[in-house]
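Visitor: So in my numbering, the last spot in the sequence shown is 586, and the numbers never skip. Got a structure for you, questions after.
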Amino acid sequence: MEVTTRVLVAGIGNIFFGDDGFGPEVVRQMMSRPEGTAGLPDGVRLVDYGIRGMHLAYDLLDGVDALVIVDALPGDGEPGTITVLHVGPEDLGEGEFDAHGMNPVAVLGSLEALGGTLPPTYVVGCTPADLEEGMGLSAPVAAAVPVAADTVRSLLVERVFANQSDPSKQGG
């Protein structure tokens, strides 16, 4: 019997704060590509969570084998720079959980208290140019959306699903 790996690709961010809407836009574009999800391995679920942190927490409690978060990732890089991070429990600091908002650190950090565990987690982030109130992505961040979508696809194939194609690398 073949077991399908369950992976959640979560676009998070607030579309009403400029480049913070990056994650939802990447997921939206991945879902609307001509090939749709056909180019993705079986078991991948794409969801635009926006700022619904509680929804993401509950979906993680249902159980996934891996999580890929797509989000704006403030930093020192040039706007539009894509960064991939592997996140473990030791990387999570304290964050205040808000049932009506989205603080990824708080959502992921709350899993244990809610009876779950953090799955292998990756972040595909983009350095924002503008996080001020207003709709629409800045030009460099909009240009990074297809790059991020391709990065998510590559990440799934090269890291998350790499062991599925080689039975000797799969666990018992």
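Ideal Cβ positions, reconstructed from N, Cα and C, are used throughout, including at glycine.
Using the three-state DSSP reduction, which class does D434 fall into: helix, strand or coil?
Guide: Locating residue 434 in the sequence shown gives position 20, counting from the first residue. In the structure shown, D434 sits in a helix (DSSP, three-state: H, G or I).
Visitor: Looking at the secondary structure, which residues open and close the alpha helix (DSSP H) in which R567 lies?
Guide: Against the sequence shown, residue 567 aligns to sequence position 153. 553 to 569 is the span of the alpha helix (DSSP H), which, as asked, contains R567.
Visitor: Would you kindly report the start and end of the unbroken alpha helix (DSSP H) that includes L475?
Guide: Stepping through the sequence shown from its first residue, residue 475 is reached at position 61. Looking at the DSSP string, the run of the alpha helix (DSSP H) that includes L475 is 467 to 475.
Visitor: What would DSSP say about G491, mapped onto helix, strand or coil?
Guide: Your numbering for residue 491 matches position 77 in the sequence shown. Reduced to three states, the DSSP call for G491 is coil.
Visitor: Quick one: is F436 buried, meaning 16 or more other Cβ sit within 10 Å of its Cβ, or exposed?
Guide: By 1-based counting over the sequence shown, the position of residue 436 is 22. When all chains shown are included, F436 counts as buried.
Visitor: Alpha carbon to alpha carbon, how far is L528 from G491? Give it in angstroms, no decimals.
Guide: Along the sequence shown, one-based indexing puts residue 491 at 77. Along the sequence shown, one-based indexing puts residue 528 at 114. When rounded, the distance between both Cα atoms is 35 angstroms.
Visitor: May I ask you to list the residues that DSSP assigns as paired with Y463?
Guide: Position 49 of the sequence shown, counted from the start, is the residue given in the question as residue 463. BP columns for Y463 are empty, so no partner.
Visitor: Give every residue of the same chain whose Cβ lies closer than 6 angstroms to the Cβ of V440, excluding the five residues on either side of it in the sequence, and list them in chain order.
Guide: Indexing the sequence shown from 1 puts residue 440 at position 26. Only G425, V484, V559, A562, A563 meet the Cβ criterion.
Visitor: If you run the structure through DSSP and keep just helix, strand and coil, what is L532?
Guide: The count along the sequence shown starts at 1 and reaches residue 532 at position 118. The answer is coil: DSSP assigns L532 none of H, G, I, E or B.
Visitor: For P438, is the classification buried or exposed, using 16 other Cβ atoms within 10 angstroms of its Cβ as the cut-off for buried?
Guide: Within the sequence shown, numbered from 1, the residue matching residue 438 stands at position 24. That one is buried.
Visitor: Looking only at DSSP bridge pairs, what is V484 linked to?
Guide: Within the sequence shown, the letter at position 70 stands for residue 484. Note: V484 sits in a beta bridge opposite G425, V538.
Visitor: Buried or exposed for D434, going by 16 or more other Cβ atoms inside 10 Å?
Guide: Numbered from its first residue, the sequence shown carries residue 434 at position 20. Classification of D434: buried, given that the 10 Å Cβ count is 16 or more.
Visitor: Determine the direct distance from the alpha carbon of L474 to that of R466, and round the result to whole angstroms.
Guide: Within the sequence shown, residue 466 is the residue found at index 52, counting from 1. Within the sequence shown, residue 474 is the residue found at index 60, counting from 1. If you take the alpha carbons of R466 and L474, they lie about 13 angstroms apart.
Visitor: Quick one: grab the DSSP three-state call for G548.
Guide: As a working note, residue 548 is residue 134 in the sequence shown. G548: strand per DSSP, three-state reduction.
Visitor: Determine the burial state of H514: buried for a count of at least 16 other Cβ atoms within 10 Å of its Cβ, exposed for fewer.
Guide: Within the sequence shown, numbered from 1, the residue matching residue 514 stands at position 100. The predicted position of H514 is uncertain, since its pLDDT is 47 and thus under 50; a value taken from the coordinates is nonetheless stated next. Answer is exposed; the Cβ neighbour count stays below 16.
Visitor: Going by beta-carbon coordinates alone, are L487 and T541 separated by less than 8 angstroms?
Guide: Within the sequence shown, the letter at position 73 stands for residue 487. Within the sequence shown, the letter at position 127 stands for residue 541. Closer than 8 angstroms, so yes.
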